[in-house]
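Engineer:
Number of protein chains: 2
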Amino acid sequence: MTIHRNALLLRVMTAEQRLRTLFAYDRTNRIFSVNLTMQQLKVLILLTRHDGIPSQELTRHLGVTLATLSGIVDRLVAHGYATRTEDLHDRRIRRIHLSPAGREVLTEIMDSGNRAQQRLLARLDDETLLMLETVLTRLLDAARADALEQGVDIPDDLESHSH
Amino acid sequence: MTIHRNALLLRVMTAEQRLRTLFAYDRTNRIFSVNLTMQQLKVLILLTRHDGIPSQELTRHLGVTLATLSGIVDRLVAHGYATRTEDLHDRRIRRIHLSPAGREVLTEIMDSGNRAQQRLLARLDDETLLMLETVLTRLLDAARADALEQGVDIPDDLESHSH
DNA sequence: CGAACGGTTAGCATCACACGAACTAACGTC
DNA sequence: GACGTTAGTTCGTGTGATGCTAACCGTTCG
Chain D
1 MTIHRNALLL RVMTAEQRLR TLFAYDRTNR IFSVNLTMQQ LKVLILLTRH DGIPSQELTR
61 HLGVTLATLS GIVDRLVAHG YATRTEDLHD RRIRRIHLSP AGREVLTEIM DSGNRAQQRL
121 LARLDDETLL MLETVLTRLL DAARADALEQ GVDIPDDLES HSH
Chain H
1001 MTIHRNALLL RVMTAEQRLR TLFAYDRTNR IFSVNLTMQQ LKVLILLTRH DGIPSQELTR
1061 HLGVTLATLS GIVDRLVAHG YATRTEDLHD RRIRRIHLSP AGREVLTEIM DSGNRAQQRL
1121 LARLDDETLL MLETVLTRLL DAARADALEQ GVDIPDDLES HSH
């Protein structure tokens, strides 16, 4: 049983990998049209998981000084992708937030294969779609259980939608 | 029927989006540790779909001159991420190839949520895994049909494994 | 009040990219 | 073979982003 299960897991992961390969490198990806540097992208990614993070903490994640980070954030703010606010309890602290435009551009970059994938979904018969829905629902349940075990934050919309 | 199907498609896509959100912004992503600029990353992405592409075509995709591209490729070659070869029929033409190291780093960047995803798969019961396998197989079939219709190249390992 | 802290600014250096110009090798046509 | 065109590389120049240290200012805390 375990051997069969391992083979099954492997088959699933291999198939997934292949699909991902097909989608991941879509050259219509937003990354080709957006004007972001790597450090800017890294900050945006960090803000997705830690919106409102203080600058000091960002410097630790990025491994740069406050002076450098200040410049990076300046330029993100100038692009409209991030905003700065003062901490409520300590006015020295600047909290850096992802702006709606920043979130949007990041979503577009990360959703690189979405359009192609939607084309594929439209080709599936209803039975397969229902199966996929079941699987995804169980995966989301597993994700929530996993997150609980890891003590990891779950995005609000994920959590509120479970009920 | 169509209304039901549309609702089903929407549910599937929404669930997928949620899962993707969970995985996409993992800050252990290789992107935080690799020393690549955006233009270099773009070239690597392009090479994944068009390995051995002539320089001239790369300039069109990137929207830069040959002089600029030459520098970018120089640095990718220096990093060990790409190689240059001469075209077999026209010795003026340089074909740019993704190196194994280049492919590896790109795979690591794109597979940002892979470890977390494997943890989730291990939580699924066999029935769900079998359903997932069926779905993925059908998705791959759809992908191949889609690619044929679009006249798009399929990576060799995808094609050879269908038989 | 003074020391410590968080963030910003200025100055400087480096790197990558971007372009046009110049150059060389290669190709195709006459 | 001569010639015009093409593909790519190199060079020089300029720009922007990043990276650091030092100085500065406002804020916090003992």
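Protein chains in written order, with the working numbering: chain D, 1 to 163; chain H, 1001 to 1163.
Where a beta carbon is used, it is the ideal one built from N, C-alpha and C, also for glycine.
This one's a predicted model, so the numbers in the text were calculated from it and none came from an experiment.
Between the C-alpha atoms of arginine 1069(H) and leucine 130(D), what's the straight-line distance to the nearest angstrom?
Structural biologist: Checking the sequence shown, residue 1069(H) turns out to be leucine, not arginine. If you take the alpha carbons of leucine 1069(H) and leucine 130(D), they lie about 47 angstroms apart.
Engineer: Between the alpha carbons of glutamate 1159(H) and leucine 46(D), how many angstroms are there, rounded?
Structural biologist: For glutamate 1159(H), the predicted model reports a pLDDT of 46, less than 50, meaning its position is unreliable; a value from the coordinates is still stated below. When rounded, the distance between both Cα atoms is 37 angstroms.
Engineer: Which residues in the same chain have their Cβ closer than 7 angstroms to the Cβ of isoleucine 1072(H), if we skip the five residues on either side of it in sequence?
Structural biologist: The answer, listed in chain order, is Gln1039, Gln1040, Val1043.
Engineer: Could you tell me which chain D residues have their CB closer than 8 angstroms to the CB of aspartate 1146(H), listed as they occur along the chain?
Structural biologist: Result: Ala116, Arg119, Leu120, Arg123.
Engineer: What is the residue span of the alpha helix (DSSP H) that leucine 124(D) lies within?
Structural biologist: Unbroken run through leucine 124(D): none, as it is neither H nor E.
Engineer: I want to verify the contact list: residues of chain H whose CB lies under 7 angstroms from the CB of valine 135(D), in sequence order.
Structural biologist: Within 7 angstroms Cβ-Cβ: Thr1128, Met1131, Leu1132, Val1135.
Engineer: Is there a Cβ from chain D that is less than 8 angstroms from the Cβ of threonine 1037(H)?
Structural biologist: At least one chain D Cβ lies under 8 angstroms of threonine 1037(H).
Engineer: So, are the CB atoms of glycine 1052(H) and histidine 1097(H) less than 8 angstroms apart?
Structural biologist: A contact, by the Cβ cut-off of 8 angstroms.
Engineer: Looking at asparagine 1035(H) and isoleucine 1109(H), is the spacing between their C-beta atoms short of 8 angstroms?
Structural biologist: Contact flag unset, no.
Engineer: Check the Cβ of isoleucine 1031(H) against every Cβ in chain D and list those closer than 9 angstroms, keeping chain order.
Structural biologist: In chain order: Met38, Leu41, Lys42, Ile45.
Engineer: Can you give me the Cβ contacts of arginine 1011(H) inside the same chain, cut-off strictly under 8 angstroms, excluding the 5 residues immediately before and after it?
Structural biologist: Excluding sequence neighbours, arginine 1011(H) sits near nothing in its chain.
Engineer: So what's arginine 1138(H) in DSSP terms, helix, strand or just coil?
Structural biologist: Of the three classes helix, strand and coil, the one that applies to arginine 1138(H) here is helix, per DSSP.
Engineer: Let me know if aspartate 90(D) comes out buried or exposed under the rule of 16 or more other beta-carbons within 10 Å of its beta-carbon.
Structural biologist: Aspartate 90(D) is exposed by the Cβ-count criterion.
Engineer: Flag this pair as touching only if the region 126-142 of chain D and the region 82-89 of chain D have three or more C-beta atom pairs under 8 angstroms; answer yes or no.
Structural biologist: Short answer: they don't touch.
Engineer: Does arginine 1095(H) get closer than 8 angstroms to chain D when you measure Cβ to Cβ?
Structural biologist: It does not; no Cβ of chain D falls within 8 angstroms.
Engineer: Using C-beta distances below 7 angstroms, list every residue in its chain close to valine 1105(H), excluding the 5 sequence neighbours before and after it, in chain order.
Structural biologist: Arg1030, Val1034, Tyr1081.
Engineer: Tell me where the beta strand (DSSP E) around isoleucine 1096(H) begins and ends.
Structural biologist: 1094-1098 is the span of the beta strand (DSSP E), which, as asked, contains isoleucine 1096(H).
Engineer: Would you report the Cα separation of serine 99(D) and alanine 7(D), rounded to the nearest angstrom?
Structural biologist: Cα to Cα, the separation comes out at about 44 angstroms.
Engineer: From arginine 1138(H) to leucine 121(D), what does the alpha carbon distance come to, in whole angstroms?
Structural biologist: The straight-line gap from Cα to Cα measures roughly 10 angstroms.
Engineer: Using only CA atoms, which one of Ala1067(H), Gln1056(H), Leu1076(H), Gly1063(H) lies nearest to threonine 1037(H)?
Structural biologist: Ranking Ala1067(H), Gln1056(H), Leu1076(H), Gly1063(H) by Cα distance to threonine 1037(H) puts Leu1076(H) first.
Engineer: Can you list the residues of chain H that arginine 138(D) reaches, using a CB-CB cut of under 7 angstroms?
Structural biologist: Those are Leu1124, Thr1128, listed as they occur along chain H.
Engineer: Give a yes or no on whether the C-beta atoms belonging to glutamate 16(D) and leucine 1136(H) are separated by under 8 angstroms.
Structural biologist: Contact flag set, yes.
Engineer: Is glutamine 1117(H) buried or exposed, if buried means 16 or more other CB atoms sit within 10 Å of its CB?
Structural biologist: By the 10 Å Cβ count, glutamine 1117(H) comes out buried.
Engineer: Threshold first: 4 residues or longer. Then list the alpha helix (DSSP H) segments lying entirely within the region 1041-1107 of chain H, N to C.
Structural biologist: Counting whole runs of 4 or more residues, the region 1041-1107 of chain H contains the alpha helix (DSSP H) stretches 1055-1062, 1066-1079.
Engineer: Any residues in the region 1076-1100 of chain H with a beta carbon nearer than 7 angstroms to a beta carbon of chain D? Which ones, in chain order?
Structural biologist: So the list is empty, because no residue satisfies the distance condition.
Engineer: Under the three-state reduction of DSSP, which class applies to valine 1012(H): helix, strand or coil?
Structural biologist: Looking at valine 1012(H) - three-state DSSP - the assignment turns out to be helix.
Engineer: CA-CA distance, leucine 148(D) and glutamate 1149(H)?
Structural biologist: Computed Cα separation, rounded: 44 angstroms.
Engineer: Within 8 angstroms of any Cβ in chain D, is that where the Cβ of leucine 1010(H) sits?
Structural biologist: Answer no: the Cβ-Cβ gap between leucine 1010(H) and chain D never drops below 8 angstroms.
Engineer: Given arginine 1103(H), which residues of its chain have a CB within under 8 angstroms of its CB, disregarding the five upstream and five downstream residues?
Structural biologist: Hits under 8 angstroms: Thr1048.
Engineer: Rounded to a whole number of angstroms, what is the C-alpha to C-alpha distance between arginine 94(D) and valine 64(D)?
Structural biologist: Spanning the two alpha carbons is a distance of roughly 16 angstroms.
Engineer: Any idea what DSSP makes of aspartate 111(D), helix, strand or coil?
Structural biologist: Coil.
Engineer: At a Cβ threshold of 8 angstroms, is alanine 67(D) touching chain H?
Structural biologist: No, alanine 67(D) lies away from the interface with chain H (no Cβ there is under 8 angstroms from its Cβ).
Engineer: CB alanine 999(H) to CB leucine 124(D), shorter than 8 angstroms?
Structural biologist: The displayed coordinates of chain H run from 1001 to 1163. Any statement about residue 999(H) would go beyond what the structure contains.
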